[in-house]
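**Student:**
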Amino acid sequence: MIPLGGTEREDMASDDDLDWAKYRLADFFQFPEGKKRHEKFPGTIIHEYYQRTSEPCDYKVLRDVIDDVRSTREIEIPRRDCCVIHLRTGDIIDNSEFTVDEFLAKERYYVYDHEKDAYKEKQWNQYVKTSKYYERVAKKLKKLKIGQVSFSYNLDFNPFPKTKTRRHHRSENNEKSIEYVQRIHDLFIKESFEVVRYERHDVDHDFIHMCNSSFFVPSGGGLSRIIVRMVELKGEKVVKGE
29 MIPLGGTERE DMASDDDLDW AKYRLADFFQ FPEGKKRHEK FPGTIIHEYY QRTSEPCDYK
89 VLRDVIDDVR STREIEIPRR DCCVIHLRTG DIIDNSEFTV DEFLAKERYY VYDHEKDAYK
149 EKQWNQYVKT SKYYERVAKK LKKLKIGQVS FSYNLDFNPF PKTKTRRHHR SENNEKSIEY
209 VQRIHDLFIK ESFEVVRYER HDVDHDFIHM CNSSFFVPSG GGLSRIIVRM VELKGEKVVK
269 GE
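My numbering numbers the first residue of the sequence shown as 29 and each following residue consecutively.
1. With distances taken from CA atoms, which of V93, P84, T193 is nearest P60?
2. Using alpha carbons as the reference points, say which of P246, V139, L90, K160 lies closest to N153.
3. What I want to know is whether the C-beta of V93 ends up closer than 7 Å to one or more non-hydrogen atoms of the ligand NAP.
4. Just how far apart, CA to CA, sit D119 and I236?
5. Give the list of continuous alpha helix (DSSP H) stretches no shorter than 4 residues that lie fully inside the region 104-187.
6. Where do the ends of the alpha helix (DSSP H) carrying R256 lie?
7. Using the three-state DSSP reduction, which class does E222 fall into: helix, strand or coil?
8. What's the C-alpha gap between A49 and H142?
9. Reducing DSSP to helix, strand and coil, say where F57 ends up.
10. With 16 as the cutoff for other CB atoms within 10 Å, does K218 come out buried or exposed?
11. Comparing alpha-carbon positions, which option in H197, Q210, P189, R107 lies nearest Q176?
12. Considering just the uninterrupted stretch of the beta strand (DSSP E) at F243, what are its terminal residues?
13. Considering only the beta carbon of each residue, do V267 and V156 sit closer than 8 Å?
14. So which of N186, R194, D232 has the shortest CA-CA distance to Y144?
15. Across the region 65-83 and the region 201-210, are there enough close Cβ pairs to call them in contact, namely three or more that are closer than 8 Å?
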């Protein structure tokens, strides 16, 4: 079951027009790979970004692109009294050896160093947030007098044919991601928050929606880090459970 805060996929383009599964917005913005591959994704934020600059990671250019695309596509922005929570789902959860209970209990790593027979213990390698993280977020939101939340996530994100996990196993379903979202959804319901349903669209639409949050809760991963920067550039509030 997709929870109230979650959504079915509703892409801007069909899979025949654009392979969203291979569209990695965060990677293409942060690294030179985007300059080489943006032409394969016409009509996207990344394609427009590299029409304006040849350099990755220029937040001023990205901010202008976001504003222009939002205006052109008439993308709605979140209500000012609602906090948008980004959940990192997809490959990071579904390809992993860890259960949902294990993800919720403590922070887990994803990329595995097979030569050293150990996970890479780096902050960038922690994507999925724990129950404690969101419990702390809930307390902070209550102090800010925010009583509504919405969730944004991509259950289908699994772009690589081979995984970098310990098991070398690529999942063909997203059951663990669905369970994880449901558990976080239930946590906020238990904390007496109203969950506002957000209908998922394509990657660019959801990204722009989150970047225009008045209150934003990040997960791990590059996409959330970029959104945090954009929200802060607009003078809005980022809430973390750390």
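Glycine included, C-beta positions come from ideal geometry on N, C-alpha and C.
**Tutor:** Based on what the coordinates show:
1. P84
2. V139
3. Ligands displayed in this structure: none; no statement on the ligand NAP is therefore possible.
4. 22 Å
5. 119-122, 128-133, 159-171
6. The sequence as given places Val at residue 256; Arg does not occur at that position. It spans 250-261 - the alpha helix (DSSP H) in which V256 sits, taken as one unbroken run.
7. strand
8. 26 Å
9. helix
10. exposed
11. R107
12. 243-245
13. no
14. It is worth fixing the name first, because residue 144 is Lys in this sequence and not Tyr. When only C-alpha atoms are compared, the closest one is R194.
15. no
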